[in-house]
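Novice: Below is a structure I'd like to ask you about.
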Amino acid sequence: MNTARLSVRSILFVVLALLAMPALANQNTLLIMGDSLSAAYGVPSERAWVQLLKERLDQNGLSQWQVINASISGETTDGGARRLPDLLRENDPDVVVIELGGNDGLRGFPPNVIESNLAEMIEQVQQTGARTVLVGMQIPPNYGQRYTEMFADIFPKLSDRYNTALVPFFLQGVYDRDGFMQDDGLHPSEAAQPKLLENIWPVLKQNLE
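Going letter by letter, the sequence shown gives residues -25 to -1, 1 to 184 in mature numbering (1 follows the signal peptide of the UniProt record, and there is no 0).
Structure, rendered in structure tokens:
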């Protein structure tokens, strides 16, 4: 009698495991490599754009996408390039969002160094067969016209070179709108989070379907 029960339980276990396999096979992973703009700095995590993205995925029939947010406040392109290999191995993502460079620009790092670090990250992603969404940034004009232009040009230049998807400017319609920036003038407020999602969503959606 106990043997029969064990046999039935074993069969049920196998059936349940087989039923679960298609769901696992259809699971996709989106990895976000960002700085404070994606790490919910000064914003309740449940209202940050990454959380709003998770809700948007469910609403658009894309619930098979798992979002891994590896963003860190203060992160630079150098730090991102050093962390990325382990994250790629651990998560095996299908799409990687690279939202880095802003801190480098604010610290006045040489544009060629920023570009080199971002290029290294894109190459690391492409070597795994995953797709890259590069998020463009700009810095305030007080850094000088030459530097600000060289910095802004990094992102479309890399997108063209590596044929990646590009969000032209993540803070479009945010940095210059009343109530959309925190008191420090650098970080988007809670009110700005839906706009950040709207800025990235059209480009991101094309790479998720």
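Glycine included, each C-beta is placed from N, C-alpha and C at the ideal position.
Bear in mind that the values here come from a model prediction, so they are computed numbers and not experimental data.
Grouping DSSP H, G and I as helix and E and B as strand, with all else coil, what is E74?
Specialist: Note: E74 maps to strand in three-state DSSP.
Novice: Three-state secondary structure (DSSP) at M96?
Specialist: M96: helix per DSSP, three-state reduction.
Novice: Nearest-angstrom Cα distance between L141 and S134?
Specialist: Each residue's alpha carbon lies about 6 angstroms from the other.
Novice: Quick check: the segment 69 to 85 against the segment 4 to 22, are there 3 or more CB pairs under 8 angstroms?
Specialist: They touch, by the three-pair rule.
Novice: For P(-4), does the three-state DSSP call read helix, strand or coil?
Specialist: Low confidence applies to P(-4): its pLDDT is 46, below 50, so where it sits in the model is not reliable enough to give any reading.
Novice: When DSSP labels each residue in this structure, what does P68 get in the three-state scheme?
Specialist: Correct three-state label for P68: coil.
Novice: In the DSSP assignment, find the beta strand (DSSP E) that holds L109 and state where it starts and stops.
Specialist: R106 to V110 is the span of the beta strand (DSSP E), which, as asked, contains L109.
Novice: Does the Cβ-Cβ distance between V71 and V100 come in under 8 angstroms?
Specialist: In this structure, V100 lies closer than 8 angstroms to V71 by Cβ.
Novice: With DSSP as the reference, please indicate the residues paired to Q41 in a beta bridge.
Specialist: Note: Q41 sits in a beta bridge opposite T4.
Novice: Alpha carbon to alpha carbon, how far is P131 from T51? Give it in angstroms, no decimals.
Specialist: Taking the straight line from one Cα to the other gives about 19 angstroms.
Novice: Give me the Cα-Cα distance between T103 and P115, rounded to the nearest whole angstrom.
Specialist: Between T103 and P115, the C-alpha separation is close to 35 angstroms.
Novice: Since I believe S46 is in contact with A14 (beta carbons under 8 angstroms), could you give me their beta-carbon distance rounded to a whole number of angstroms?
Specialist: That belief holds up - the Cβ atoms of A14 and S46 are roughly 4 angstroms apart, short of 8 angstroms.
Novice: With which residues is G9 paired in a DSSP beta bridge?
Specialist: Per DSSP, E74.
Novice: Quick check: what's the CA-CA separation for A176 versus L161?
Specialist: Just to set this straight, residue 176 is Trp in the shown sequence, not Ala. If I take the Cα positions, the gap works out to 22 angstroms.
Novice: Taking C-alpha atoms, which residue in S164, M112 and W40 lies nearest to D67?
Specialist: Answer by Cα proximity: W40.
Novice: What residue from L172, Q113, S48 and S91 has the CA that sits closest to G17's CA?
Specialist: It is S48.
Novice: Mind reading off the beta-carbon distance from F144 to M96? Whole number of angstroms is fine, and I expect it under 8 angstroms.
Specialist: Their Cβ separation, rounded to whole angstroms, is 19 angstroms, which puts F144 and M96 out of contact at 8 angstroms.
Novice: Rounded to whole angstroms, what's the CA-CA distance from D158 to S20? Just pull it up for me.
Specialist: If I take the Cα positions, the gap works out to 18 angstroms.
Novice: Which residue from R136, P85, A167 and D61 puts its Cα closest to that of D151?
Specialist: The residue with the shortest Cα to Cα distance from D151 is A167.
Novice: Could you give the distance in angstroms between the alpha-carbon of G36 and the alpha-carbon of L146?
Specialist: Each residue's Cα considered, the two are about 27 angstroms apart.
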